[in-house]
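Colleague: The structure is given below, and queries will be raised subsequently.
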Amino acid sequence: ALLSVPRFVYASGQTDQARPDAPPKFEITSIAFIGNATLTGAELLAQMTARETPGFFGKFLTSISQNIGPPDEFLNPAAFSGDLERIRKYYESRGFSEAKIDTQLAYDLEDHEVDITFRIDEGYRSIVDSMQIRGLEEASPLILEEVGSNRRLDQGDPFNVALLEDEVRRIVRILNDNGYPKASFVR
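15 is the number of the first residue of the sequence shown in this note's numbering; add one for each residue after it.
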């Protein structure tokens, strides 16, 4: 279903321009994030392969020589679907397991351009309630002190998968460096 608005059409799922009867490619003129209070637009954009077409100066350089300026960026529906999934997973890995992400693609059919907007409801962020490290019953007090200091993730911190993995690697490294070469993490 298409919703027509003067000069724009809101829709999803354009195909590529390889076939003669295929619709034209749409140049990405903007990517916006609305509702992302905790995670920055730069963090979210880093999860995507889609990019905005360079501005005036970039287009000027490209007009002089294709080798100078950055190329124009076009919407690839399959890649965009992957971008959306990566953003969802990024939110989940940062403790937002119930984040809701909606997309809006505003097509300008005359200029063959598209503006992409992500509307985000981050929802509740999970907080680390407790952490238990098991299997260190026979470790020396010095090792226990080192394990307990400089934690990457601790009780009361916002949940973050990357920090949890860093913490596990840090503890295993401490054990490996202190006479436990076969120490490993078991889920």
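The beta carbon of each residue, even a glycine, is placed where N, CA and C say it ideally should be.
Using a Cβ-Cβ cut-off of 6 Å (strictly less than) and excluding sequence neighbours within five positions of K103, which residues of its own chain qualify?
Modeller: The residue given as residue 103 occupies position 89 in the sequence shown. The same chain holds no residue with a CB closer than 6 Å to that of K103 once the five nearest residues on each side in sequence are set aside.
Colleague: Around the Cβ of N50, are there at least 16 other Cβ atoms within 10 angstroms (buried) or fewer (exposed)?
Modeller: Working through the sequence shown from its first residue, we reach residue 50 at position 36. Result: buried.
Colleague: Does A197 come within less than 8 Å of chain D when only Cβ atoms are used?
Modeller: The displayed structure is made up of one protein chain only, and chain D is not part of it.
Colleague: At what residues does the beta strand (DSSP E) containing R133 begin and finish?
Modeller: In the sequence shown, the residue the question calls residue 133 occupies position 119. Here the beta strand (DSSP E) through R133 covers 127-135.
Colleague: Under 8 Å: do the segment 124-137 and the segment 154-165 share three or more Cβ pairs, one atom per stretch?
Modeller: no
Colleague: With a threshold of 16 other CB atoms inside 10 Å of the CB of I42, please say whether the residue is buried or exposed.
Modeller: Within the sequence shown, the letter at position 28 stands for residue 42. Looking at its Cβ environment, which holds 16 or more other Cβ atoms inside 10 Å, I42 is buried.
Colleague: For the putative contact between I141 and P172, defined by C-beta atoms under 8 Å, what is the C-beta separation to the nearest angstrom?
Modeller: Against the sequence shown, residue 141 aligns to sequence position 127. Against the sequence shown, residue 172 aligns to sequence position 158. Yes, I141 and P172 are in contact; Cβ-Cβ is about 6 Å, under 8 Å.
Colleague: Could you check the C-alpha separation between N90 and S44 for me, to the nearest Å?
Modeller: For the purposes of this step, residue 90 is taken as the residue at position 76 of the sequence shown. For the purposes of this step, residue 44 is taken as the residue at position 30 of the sequence shown. Distance between the alpha carbons of N90 and S44: 14 Å.
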